[in-house]
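Participant: I am attaching a structure below and will ask some questions about it afterwards.
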Amino acid sequence: MAGVIARRARKQRAFRWTVLIVLGVFFLLPFLAMVEFSTRDPQTWPLLVNWPELSERYPALSEGILASLLQASLTALLMLVLLVPTAVWVRLRLPRLRRLVEFICLLPLTIPAIVLVVGLAPVYAWVNYFLGGSSVTLVFAYTILVLPYAYRAIDAGLSAIDVKTLAEAARSLGAGWGTVMWRVVLPNIRSAVLSAAFLTVALVLGEYTIASLLNRTNLQVAINFLGKSSATMSVAVSLTALLLAFVLLLLLSLLGGRRRRASAVEAAPAVPASVAAKESPL
Amino acid sequence: MTGVAVHLNGLRRTFGTVHALDNLDLSIEPGEFVALLGPSGCGKTTALRVLAGLEDADSGQVLVGGEDVTALPANRRDMGMVFQAYSLFPHLTALANVSFGLSLRGRSKSAGRARDMLELVGIDSFADRYPHQLSGGQQQRVALARALAIEPSVLLLDEPLSALDAKVRVQLRDEIRRIQTEVGTTTLFVTHDQEEALAVADRVGVMRAGKLEQLAAPSDIYLTPATPFVAEFVGLSNRLPGTVVGNEVEVLGTRLPLLSPASSASVTALVRPESVVVEASPTGTGRVLTTSFLGPISKVTVTVGELLVVAQVATDRLGSLAPGTPVEVSLAPNPVALA
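Going down the list, the protein sequences come from chains G and F. Here our numbering = 1-based position in the first sequence + 37. Here our numbering = 1-based position in the second sequence + 280.
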């Protein structure tokens, strides 16, 4: 009997490792290929970290990088300014609209980017007319694009606290709505807000379709353009962007993990139960 | 600190077709502790929330200290509130929670006052703990300290004990009364627990369908209920058929004075279990059905013909009242209400 169990355990272990190795190879091989390819020209990586020379040699690339960084930070900002107060307000005052708001926020997920662009093109004709053709104007389209992810993150954060009671308690203590948001709600959904912001940044840094079809520039458009003149450099930049997104998502999961651990530690009594019972009558 | 008077005048509030408040009038004297009691959905919490400014009334007036505050938002009403749900800010320590309202008022000595308040509610040793490190009772104590720290003109307690277990409940209930007497803040306490309301309040208001049925001292509410609803809702009552004879009603062969005039000759009287006297007797018309041990006193259920009568007896008499024992049932001549 014991032999059967041991054999089964061995088999399961072997199966687990096989899956892990196959998946590892599947994901890592392209990365290794990219590293190998981008190091064929020894100039590539030193040039990538030498910003003045990079922007001189590949002005379109540096412009794309700056545009993407600006788009990512502005999109995150606009998303938070729009979404956090809306989500809080819906929970406090319009709970019946919650399903509708959720549905609207999830819509962009169901519409392919190419269809979205078809709809956005006439809108952007007006944006061009009023605000010009700067690539920063993509922030509006990106804010819509990140809504599903950001809304989910923020809504999950709000579900974890009793927003209504906390807001009412703060109001009865003399807090105006601004104070309620800034000093009571935001500190309690901080990690949800950070998650939403990180997801936004990761998404915007990887966006190509909309920027390309609306004739604007960003990192991905620049990489595609660069691929035509310097293949090694374009691969090196792609790899860097991938790693950056990877680090962001890793930070995100670490943040969630730390929060879970922290609450697990804090939930345990800080003093032995017997001592606590003596200290307090309740 | 002395309290201020509170007047709710003709408050109306409807939710769809439900009248949560139906022309409610309520006056609270300065420094008084009033409890609003009633079944769920009777409008007691709505009344408290309208007073707090967390809910708007459709019509009516809220006066605090003679000043009309009906149109003022909650944050400018100067009221301390303790909620049924745990409402401490999770990201702040107990001390920071208590200081929150003080810091909004720009008080420089807020930390000192916050500590004093935690001492008042008896948990100053937990000042640096976060809410999730505190028990339910401790959290409600901090919430009470937080509400009192801002020296509110009115203290509002919205079923603050209902999430706690029985023993903690009684302890904290008595302590709330002690603290209220000490600081003298006018207090409105909402509860569905009659024992709680009768035990702590100066006056108890019994509410039903958005209206106040009776507002009186706890003993008056219990002994001379103004309406059948109050008589039935507060305390346990037997519903026994009776015949009206002048100003009295004859129930189980005993004549009892009436609290209010009867409209017909044959009525249902509401008789308290402590007014029912049960004596073991071989020729008795009743039979003991069940007995329940409740500590120093016990409950005995007796059948008299078709009727079920609940009596309250001293526990040391339970030995002679085993189920099946024939008993004689009589009633003490206390005034009764009619259903």
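Every residue, glycine too, gets a C-beta built ideally from N, C-alpha and C. These numbers come from a predicted model, not from an experiment.
#1: Take residue 308 (chain F) as the anchor and find which of F:289, F:380, F:493, F:296 has the nearest alpha-carbon.
#2: Helix, strand or coil, according to DSSP, for residue 377 (chain F) in the structure here?
#3: For chain F, is any of its Cβ atoms less than 7 angstroms away from the one on residue 319 (chain G)?
#4: Just to check my reading of the structure: residue 435 (chain F) and residue 467 (chain F) have Cβ atoms closer than 8 angstroms, yes? What is that Cβ distance to the nearest angstrom?
#5: Below 8 angstroms CB to CB, which residues in the same chain sit around residue 298 (chain F) once its five sequence neighbours on both sides are set aside?
#6: Going by the CB atoms, is the gap between residue 101 (chain G) and residue 239 (chain G) shorter than 7 angstroms?
#7: Which residues, in order along the region 365-391 of chain F, keep a beta-carbon less than 7 angstroms from a beta-carbon of chain G?
#8: Suppose you measure from the CA of residue 566 (chain F) to the CA of residue 588 (chain F); what does that come to, to the nearest Å?
#9: Nearest by alpha-carbon distance to residue 227 (chain G): which of G:162, G:210, G:193 is it?
#10: Curious, which full-length beta strand (DSSP E) runs of at least 3 residues does the region 528-568 of chain F contain?
#11: Secondary structure at residue 302 (chain G), three-state DSSP: helix, strand or coil?
#12: Counting only beta-carbon atoms, is residue 199 (chain G) nearer than 7 angstroms to chain F?
#13: Give a yes or no on whether the C-beta atoms belonging to residue 128 (chain G) and residue 195 (chain G) are separated by under 7 angstroms.
#14: Using the C-alpha atoms, what's the distance from residue 447 (chain F) back to residue 141 (chain G)?
#15: Indicate whether residue 550 (chain F) and residue 616 (chain F) have their beta-carbon atoms separated by less than 7 angstroms.
#16: Measuring CB atoms only, is the region 202-219 of chain G touching the region 146-155 of chain G, in the sense that at least three cross pairs come out at less than 8 angstroms?
#17: Could you tell me the boundaries of the beta strand (DSSP E) in which residue 313 (chain F) lies?
#18: Report back the beta-carbon spacing between residue 512 (chain F) and residue 619 (chain F) to the nearest angstrom; my notes put them in contact at under 8 angstroms.
#19: For residue 334 (chain F) and chain G, any beta-carbon pair shorter than 7 angstroms?
#20: Say whether chain F places a C-beta atom closer than 7 angstroms to the C-beta of residue 210 (chain G).
#21: Note down, in chain order, each residue of its chain lying with its Cβ closer than 6 angstroms to the Cβ of residue 390 (chain F), except the 5 sequence neighbours on either side.
#22: Is the beta carbon of residue 334 (chain F) less than 7 angstroms from the beta carbon of residue 244 (chain G)?
#23: Considering Cα atoms alone, identify which of G:74, G:234, G:139, G:253 is closest to residue 286 (chain G).
#24: Let me know the secondary structure DSSP gives residue 412 (chain F) once reduced to three states.
#25: Counting only beta-carbon atoms, is residue 230 (chain G) nearer than 7 angstroms to chain F?
#26: Using only the alpha-carbon positions, how far apart do residue 546 (chain F) and residue 522 (chain F) sit?
#27: Quick one: what's got a C-beta closer than 6 angstroms to residue 449 (chain F)'s C-beta in the same chain, skipping five residues either side?
#28: Checking contacts by CB at 7 angstroms: is residue 215 (chain G) closer than that to chain F?
#29: Candidates F:295, F:606, F:489: which alpha carbon is nearest residue 564 (chain F)'s?
#30: With 7 angstroms set as the bound, which would you pick, yes or no: does the beta-carbon of residue 407 (chain F) sit closer than that to a beta-carbon of chain G?
#31: Expressed to the nearest angstrom, what Euclidean distance is found between the alpha-carbon atoms of residue 168 (chain G) and residue 257 (chain G)?
#32: In the DSSP assignment, find the alpha helix (DSSP H) that holds residue 182 (chain G) and state where it starts and stops.
#33: When the Cα atoms are used, what is the spatial distance from residue 116 (chain G) to residue 105 (chain G)?
#34: Assuming residue 422 (chain F) contacts residue 414 (chain F) under a Cβ cut-off of 8 angstroms, what Cβ separation, rounded to an integer in Å, is found between them?
#35: Determine the burial state of residue 358 (chain F): buried for a count of at least 16 other Cβ atoms within 10 Å of its Cβ, exposed for fewer.
#36: At 7 angstroms on the CB atoms, spell out the chain F contacts of residue 22 (chain G), in chain order.
Facilitator: In short, the structure shows the following:
#1: F:289
#2: helix
#3: Annotation note: pLDDT 35 at residue 319 (chain G) (below 50); position unreliable, coordinate value reported separately. Yes - at least one Cβ of chain F is within 7 angstroms of the one on residue 319 (chain G).
#4: 4 angstroms
#5: 321
#6: no
#7: 365, 367, 369, 370, 371, 380, 381, 384, 385
#8: 10 angstroms
#9: G:193
#10: 528-531, 534-537, 546-551, 556-560
#11: For residue 302 (chain G), the predicted model reports a pLDDT of 42, less than 50, meaning its position is unreliable; a value from the coordinates is still stated below. Residue state, collapsed to three classes: helix.
#12: yes
#13: yes
#14: 49 angstroms
#15: yes
#16: no
#17: 313-317
#18: 7 angstroms
#19: yes
#20: yes
#21: 379, 382, 383
#22: no
#23: G:234
#24: helix
#25: no
#26: 6 angstroms
#27: 441
#28: no
#29: F:606
#30: no
#31: 23 angstroms
#32: 175-196
#33: 16 angstroms
#34: 7 angstroms
#35: buried
#36: As displayed, chain G neither begins before 38 nor continues past 319, which places residue 22 (chain G) out of reach and without an answer.
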